[in-house]
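In case it helps, the working numbering puts the sequence shown at residues 187 to 450.
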Amino acid sequence: MNKLKDLFGSKKKYDTGLVLSGGGVRGFAHAGILKALEEQDIKPDIISGVSAGAIVGALYADGHTPDEMMEIFSEGKSFFEYAKISIPKKGLFKTVGLQNNLEKYLKSEEIEDLEIPLFIAATNLAGGEIEYFSSGELIPRVLASASIPVVFEPVEIDGTSFVDGGVMDNFPISPIIKKCKRLIGISLNTIQAVDDPNNLFGIAERSFHLSVSSNLKPKTDQCDVIFEIDELEEYGYLDVSKSDDLFELGYQKAREMIKSGILR
Numbered sequence: 187m188n189k190l191k192d193l194f195g196s197k198k199k200y201d202t203g204l205v206l207s208g209g210g211v212r213g214f215a216h217a218g219i220l221k222a223l224e225e226q227d228i229k230p231d232i233i234s235g236v237s238a239g240a241i242v243g244a245l246y247a248d249g250h251t252p253d254e255m256m257e258i259f260s261e262g263k264s265f266f267e268y269a270k271i272s273i274p275k276k277g278l279f280k281t282v283g284l285q286n287n288l289e290k291y292l293k294s295e296e297i298e299d300l301e302i303p304l305f306i307a308a309t310n311l312a313g314g315e316i317e318y319f320s321s322g323e324l325i326p327r328v329l330a331s332a333s334i335p336v337v338f339e340p341v342e343i344d345g346t347s348f349v350d351g352g353v354m355d356n357f358p359i360s361p362i363i364k365k366c367k368r369l370i371g372i373s374l375n376t377i378q379a380v381d382d383p384n385n386l387f388g389i390a391e392r393s394f395h396l397s398v399s400s401n402l403k404p405k406t407d408q409c410d411v412i413f414e415i416d417e418l419e420e421y422g423y424l425d426v427s428k429s430d431d432l433f434e435l436g437y438q439k440a441r442e443m444i445k446s447g448i449l450r
């Protein structure tokens, strides 16, 4: 029977898979949760990430610890140090600062070079479909996965324009769910009631959050372990100044969940 399973590919190759949702700068909470998991000697054997989850996933798969990730991104004091304003033809900003940071700190040039296998979700703008990259040049695919439409310019890969993968799939379990024995998910997009946004940017941010958070539950329910933090709602998608708070919130909340027996 086991030989038949191997033959038809149904035997699960990896012990622990990790799914990292999008969430803008709330992705700093991903790093805090990863630190809490490491304290339990839990590290993923394969990762699937989108948007902020693709950024954190790439750095983690490249060998950076959660604390190192925070040092890298705490260098910027505001969102505008991560972006360069562009003439608004396709997006208000270019991801220049983020690209520079990734080029500075990522050792791997290709996805295949990473220490941990990684899938990166990005939306094919023309085709209107999600694509999951597990090979190819790493940084352009991470940037594409995190390019929020209108806010950032699309990223061109092999002649095709890509935007934030969260538009089509903000919790990319499908590339790895059949490959691992245990699936751990981190979802940073719980929906809570908030005050009405009072400016155009706030309206756009809230609208994007609502759109990417729809239909998440059927996917999160398929995880063996899921980390969700309601308190993240009060943090904006692009407020980099709260990076330390987000990291600490993710870390402390994850420790509380682990203590309550979530990993059993």
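Yeah, the Cβ is synthetic: ideal placement off N, Cα and C, and Gly gets one too.
{"Asked": "Proximity to ILE359 [Cα-Cα], best of PHE348, GLN408, GLU289", "Found": "GLN408"}
{"Asked": "Alpha-carbon to alpha-carbon, LEU329 and LEU284", "Found": "8 Å"}
{"Asked": "Neighbourhood of ASP410 by C-beta, 8 Å cutoff - its chain only, sequence neighbours within 5 removed", "Found": "ARG368, LEU369, ILE370"}
{"Asked": "The segment 251-260 contacting the segment 350-358, beta-carbon criterion three pairs below 8 Å", "Found": "no"}
{"Asked": "CA nearest to the CA of ALA222, picked from ILE362, ILE444, GLY203", "Found": "ILE444"}
{"Asked": "Exposure label - ASN286; buried when at least 16 CB within 10 Å", "Found": "exposed"}
{"Asked": "Close beta carbons around GLU315, own chain, < 8 Å, minus the five adjacent residues each side", "Found": "THR309, MET354"}
{"Asked": "As assigned by DSSP and simplified to three states, the class of SER451", "Found": "Summary: the structure shown does not reach residue 451, with the chain confined to residues 187 through 450, and so no result is reported for it."}
{"Asked": "Beta-carbon proximity check, LEU206 vs ILE233, cutoff 8 Å", "Found": "yes"}
{"Asked": "Start-to-end residues for the beta strand (DSSP E) that takes in THR309", "Found": "304-310"}
{"Asked": "Supposed close pair GLY249, LYS293 - CB separation, criterion 8 Å", "Found": "7 Å"}
{"Asked": "Sequence-distant residues of the same chain with beta carbon closer than 7 Å to PHE266, five excluded per side", "Found": "The pLDDT assigned to PHE266 is 44, lower than 50, so where the model puts this residue is not dependable, and the model offers no usable value."}
{"Asked": "Beta-carbon proximity check, PRO303 vs SER321, cutoff 8 Å", "Found": "no"}
{"Asked": "Rounded separation between VAL243 and ASP231 - CA only", "Found": "First, the residue type needs correcting, since residue 243 is Gly and not Val in the sequence shown. Spanning the two alpha carbons is a distance of roughly 12 Å."}
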